[in-house]
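K.L.:
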Amino acid sequence: MLFVLDEVLLAGAGATREARMAASLRAFDADLRERYAAGLLVRSGTPSAIVPALAREIGARTVWVSGETTPYGRQRDESVRTALTALGAELRVLGTPYAVGPGTLHTGAGTPFRVFTPFARAWRAHGAPGPAPAPATLRTLDGLAGDPIPDPPADLPPEDHEAGEQAALARWADFRDGGLTAYDTERDRPDHDGTSRLSEALKYGELHPRTLLADLAASGVIGSPGSAVFTTELAWREFYADVLWHHPESAWADLRPIAGMTYDEPGAGFEAWQAGRTGYPFVDAGMRQLAATGWMHNRVRMVTASFLVKDLHVWWPHGARHFMQLLRDGDLASNSHGWQWTAGTGTDAAPYFRIFNPIAQGRRFDPHGDYVRRWVPELAHLPGAAAHEPWKHPDGYVAGYPEPILDHALERAESLRRFRGD
DNA sequence: TTTTGAGTTGTTCGA
DNA sequence: GTCGAACAACTCAAA
């Protein structure tokens with residue numbers, strides 16, 4: 000088994016995401032050694048050079064890869080295929096990290112889906128086979144020269160949870176038998192631990208969605224509200240991968256630009272947003288959670304994204320790039336299209352009026368202020384929901400927390416004005 | 001071809 | 001405090 004450490008994979012990734020991938024590789028290597036007594040061979044460089052060179056070295060006629068569906072992944076696999084063909088060897092693709100491969104589903108008219116609900120209907124109707132069985136044996140490459148899996152930097156924030164398939168399966172089992180039943184409501188609470196936290200495992204292929212779907216069906220919880228919502232979240236992941244498959248350029252550009260829309264260049268406001276110093280506690284808590292842990296709760300991802308696009312009027316790719324740099328679970332399709340959902344430039348362009356109020360969102364989804372106090376220590380002295388509005392409390396500003404850098408009501412009106420093209 | 005109903009996650013205002 | 005309407009106009013998917 001070979002893994003090519005391709006520097007393009009980590010272009011734009013910060014130390015946290017790099018370390019997360021390395022941890023996954025180490026765990027995979029350990030699993031392979033235990034199960035097959037044949038570890039993972041890692042080589043650094045360009046796949047279209049490394050893979051054919053190894054094929055020649057060991058006399059392989061067929062190379063199997065797990066399929067990747069991102070713009071770069073597809074281009075890379077094609078260049079590997081071409082190089083192998085020149086050697087008289089063959090590249091064969093073994094599935095994708097999705098229950099239903101991107102590019103598979105179509106509308107009745109044969110066109111790609113551009114709206115989630117009909118896609119999800121087709122996705123559910125299509126169904127998915129169970130996970131493929133593990134191979135019985137694996138050829139060892141242990142005698143060959145390899146490159147080391149990089150060590151994490153010493154100053155990295157501690158990992159929330161372990162990498163690797165075994166840890167992921169344990170996490171899934173905990174969630175399936177615990178948090179899943181309340182997932183439909185608890186998933187929105189950043190002050191609780193109500194999400195599955197499986198995004199990293201799905202990102203690095205430690206779990207396959209077919210495993211989750213088959214397990215849900217077998218466990219008999221498939222009909223519960225929590226399980227239905229969880230399945231829908233998997234469908235969102237697959238929808239966005241499908242959209243990116245059909246529109247590779249939408250990774251970093253508007254899928255559906257808004258006519259007459261204008262944005263501001265990132266400036267001091269953007270820097271305050273990145274640093275978690277906007278003066279809006281719920282936004283700042285989220286940005287600090289991201290910087291400190293490499294993860295941010297989904298509800299808060301939406302609120303912080305809305306703040307950048309609708310309050311600071313900055314074009315979404317600037318924010319998306321920051322997220323991809325820091326997120327341990329950073330997934331191109333989900334990230335880019337999640338941002339476009341917020342910006343109103345993606346598959347769901349209808350609700351131009353979707354502008355989150357960062358205070359109202361905080362009060363609603365972090366009603367006791369616990370999440371804010373955890374990540375914004377300057378507000379730890381404020382009781383309950385008062386942490387969301389330090390300007391209203393006599394002891395609000397005692398520890399250097401900034402006052403709001405903008406007036407949300409004014410910027411909301413400005414955003415609506417820009418939508419109208421005034 | 002035309003028509004029709006619908007489109008993840010919201011907010012504000014006024015009755 | 002609660003509730004319904006308004007907030008652009010457009011595109012999609014299916015009948």
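Position 67, counted from 1, in the first sequence is what numbering that gives the first Met the number 0 calls 66; the numbers after and before it change by one each time, with no gaps.
Note that the Cβ used here is the ideal one computed from N, Cα and C, for glycine as well.
As the structure is a computational prediction, the values presented were derived from the model and not from experiment.
1) Quick check: residue 313 and residue 281, are their CB atoms within less than 8 Å of each other?
2) To test your reading of the DSSP string, which unbroken beta strand (DSSP E) runs of 3 or more residues are found completely within the region 62-150?
3) Can you give the beta carbon distance from residue 85 to residue 47, rounded, assuming they're within the 8 Å contact cut?
4) So, is residue 62 buried or exposed, given that buried needs 16 or more other C-beta atoms within 10 angstroms?
5) Taking the beta carbon of residue 208 as the centre, do at least 16 other beta carbons fall within 10 Å, making it buried, or is it exposed?
6) Does the pairing of the region 2-16 with the region 129-143 give three or more beta-carbon distances under 8 Å?
7) Would you kindly report the start and end of the unbroken beta strand (DSSP E) that includes residue 196?
8) Return the CA-CA distance between residue 246 and residue 74, expressed in angstroms with no decimal places.
9) How is the alpha helix (DSSP H) around residue 228 delimited, first residue to last?
10) In this structure, does DSSP put residue 28 in helix, strand or coil?
11) Exposed or buried, residue 123, counting other C-beta atoms within 10 Å across all chains shown (16 or more means buried)?
12) Considering residue 42, what are the terminal residues of the alpha helix (DSSP H) in which it resides?
13) Can you tell me which of 332, 1, 180 puts its alpha carbon nearest to the alpha carbon of residue 64?
14) Do you know whose CA, among 198, 176, 36, lies nearest residue 220's CA?
15) With a threshold of 8 Å, are at least 3 pairs of Cβ atoms found where one atom belongs to the region 240-259 and the other to the region 374-392?
16) Quick one: give me the first and last residue of the beta strand (DSSP E) that residue 2 is part of.
17) Report yes or no: do three or more beta-carbon pairs, one from the region 197-214 and one from the region 224-237, lie closer than 8 Å?
18) Which value, in whole angstroms, describes the spacing of the CA atoms of residue 28 and residue 200?
19) Per DSSP, which one or two residues make a beta bridge with residue 313?
20) Nearest-angstrom Cα distance between residue 87 and residue 52?
21) For residue 397, which three-state DSSP category applies?
22) Counting along the chain, where does the alpha helix (DSSP H) carrying residue 408 start and finish?
23) Let me check understanding here. Comparing Cα to Cα, which of 164, 385, 286, 169 lies closest to residue 34?
24) Using the C-alpha atoms, what's the distance from residue 161 back to residue 115?
25) What first and last residue would you give for the alpha helix (DSSP H) that runs through residue 177?
26) Three-state secondary structure (DSSP) at residue 365?
27) Using a Cβ-Cβ cutoff of less than 7 Å, which residues in the same chain neighbour residue 190 once the five nearest sequence positions on both sides are dropped?
28) Go to residue 187, then tell me how far its alpha helix (DSSP H) extends in each direction, as first and last residue.
29) Using the C-alpha atoms, what's the distance from residue 386 back to residue 183?
30) Nearest by alpha-carbon distance to residue 171: which of 294, 151, 196, 192 is it?
31) Measuring only the C-alpha atoms, how far is residue 307 from residue 318?
32) Taking all protein chains shown into account, decide if residue 141 is buried (16 or more other Cβ within 10 angstroms of its Cβ) or exposed.
33) Taking 8 Å as the limit between beta carbons, can you name the residues of its chain near residue 152, skipping five residues before and five after?
34) Can at least three beta-carbon pairs, one atom from the region 344-362 and one from the region 246-261, be found at a separation below 8 Å?
35) Report yes if the C-beta distance between residue 23 and residue 205 is below 8 Å; otherwise report no.
36) Give me the Cα-Cα distance between residue 383 and residue 393, rounded to the nearest whole angstrom.
P.N.:
Reading off the structure:
1) Residue numbering aside, residue 313 sits at position 314 when the first sequence is read from its first letter. Residue numbering aside, residue 281 sits at position 282 when the first sequence is read from its first letter. In this structure, residue 281 does not lie closer than 8 Å to residue 313 by Cβ.
2) Complete beta strand (DSSP E) runs here, min 3: 89-92.
3) The residue labelled residue 85 in the question sits at position 86 within the first sequence. The residue labelled residue 47 in the question sits at position 48 within the first sequence. Actually they do not touch by this definition, with Cβ atoms about 10 Å apart.
4) Reading the first sequence from its first residue, position 63 is the one you call residue 62. Buried: at least 16 other Cβ atoms inside 10 Å.
5) Looking up residue 208 in the first sequence gives position 209. Burial call: buried.
6) No, they do not touch.
7) To locate residue 196, count along the first sequence from 1; it is residue 197. No beta strand (DSSP E) holds residue 196; DSSP gives it neither H nor E.
8) Reading the first sequence from its first residue, position 247 is the one you call residue 246. Reading the first sequence from its first residue, position 75 is the one you call residue 74. The straight-line gap from Cα to Cα measures roughly 14 Å.
9) Sequence index remark: in the first sequence, residue 228 carries index 229 (1-based). Going by DSSP, residue 228 is part of the alpha helix (DSSP H) stretching over 224-245.
10) Here residue 28 corresponds to residue number 29 of the first sequence, with the count starting at 1. Reduced to three states, the DSSP call for residue 28 is helix.
11) Residue 123 sits at position 124 when you count from the first residue of the first sequence. Per the 10 Å Cβ criterion, exposed.
12) Within the first sequence, the letter at position 43 stands for residue 42. Counting along the chain, residue 42 falls outside any alpha helix (DSSP H), though it belongs to the beta strand (DSSP E) covering 40-43.
13) Looking up residue 64 in the first sequence gives position 65. Residue 1 is the option with its Cα nearest to residue 64.
14) To locate residue 220, count along the first sequence from 1; it is residue 221. It is 176.
15) Touching, no, given that fewer than three Cβ pairs across the two stretches are closer than 8 Å.
16) Residue mapping note: residue 2 aligns to position 3 of the first sequence, counting from 1. Per DSSP, the continuous beta strand (DSSP E) segment holding residue 2 begins and ends at 1-4.
17) Touching, per the Cβ criterion.
18) For the purposes of this step, residue 28 is identified with residue 29 of the first sequence, where counting begins at 1. For the purposes of this step, residue 200 is identified with residue 201 of the first sequence, where counting begins at 1. Counting only the Cα atoms, residue 200 lies some 16 Å from residue 28.
19) Locating residue 313 in the first sequence gives position 314, where the first residue counts as 1. According to DSSP, residue 313 bridges with 263.
20) What you label residue 87 is simply residue 88 of the first sequence in a count that begins at 1. What you label residue 52 is simply residue 53 of the first sequence in a count that begins at 1. Going from the Cα of residue 87 to the Cα of residue 52 covers about 13 Å.
21) Taking the first residue of the first sequence as position 1, residue 397 is located at position 398. Per DSSP, reduced to three states, the secondary structure at residue 397 is coil, with no helix or strand assignment.
22) As a working mapping, residue 408 is identified with position 409 in the first sequence. 407-419 is the extent of the alpha helix (DSSP H) around residue 408.
23) Within the first sequence, numbered from 1, the residue matching residue 34 stands at position 35. Checking every option, the nearest Cα to that of residue 34 belongs to 164.
24) In the first sequence, the residue the question calls residue 115 occupies position 116. In the first sequence, the residue the question calls residue 161 occupies position 162. For residue 115 and residue 161, the distance between alpha carbons rounds to 33 Å.
25) As a first step, residue 177 must be located in the first sequence, where it is residue number 178. Looking at the DSSP string, residue 177 is not in any alpha helix (DSSP H), and its letter there is neither H nor E.
26) Here residue 365 refers to the residue found at position 366 of the first sequence. Reduced to three states, the DSSP call for residue 365 is coil.
27) Counting from 1 along the first sequence, the entry for residue 190 is found at position 191. Answer for residue 190: 365, 367, 369, 370, listed in chain order.
28) For the purposes of this step, residue 187 is taken as residue 188 along the first sequence, with counting starting at 1. Secondary structure note for residue 187: it is in no alpha helix (DSSP H), with a DSSP letter that is neither H nor E.
29) On the first sequence, residue 183 is found 184 positions in, with the first residue counted as 1. On the first sequence, residue 386 is found 387 positions in, with the first residue counted as 1. Looking at the two C-alpha atoms, the distance is approximately 26 Å.
30) Numbered from 1 along the first sequence, position 172 holds the residue referred to as residue 171. Taking only the C-alpha atoms, the option nearest residue 171 is 196.
31) To locate residue 307, count along the first sequence from 1; it is residue 308. To locate residue 318, count along the first sequence from 1; it is residue 319. Roughly 7 Å separates the two Cα atoms.
32) The sequence position of residue 141 within the first sequence is 142, counting from 1. Exposed, because fewer than 16 other Cβ atoms sit within 10 Å of the Cβ of residue 141.
33) Position 153 of the first sequence, counted from the start, is the residue given in the question as residue 152. 14, 18.
34) In short, these stretches touch, since the Cβ pair count reaches three.
35) Sequence index remark: in the first sequence, residue 23 carries index 24 (1-based). Sequence index remark: in the first sequence, residue 205 carries index 206 (1-based). Judged by beta-carbon spacing, residue 205 lies within the 8 Å limit of residue 23, meaning their Cβ atoms are closer than that value.
36) Here the question's residue 383 lines up with position 384 in the first sequence. Here the question's residue 393 lines up with position 394 in the first sequence. The C-alpha of residue 393 is placed about 14 Å away from the C-alpha of residue 383.
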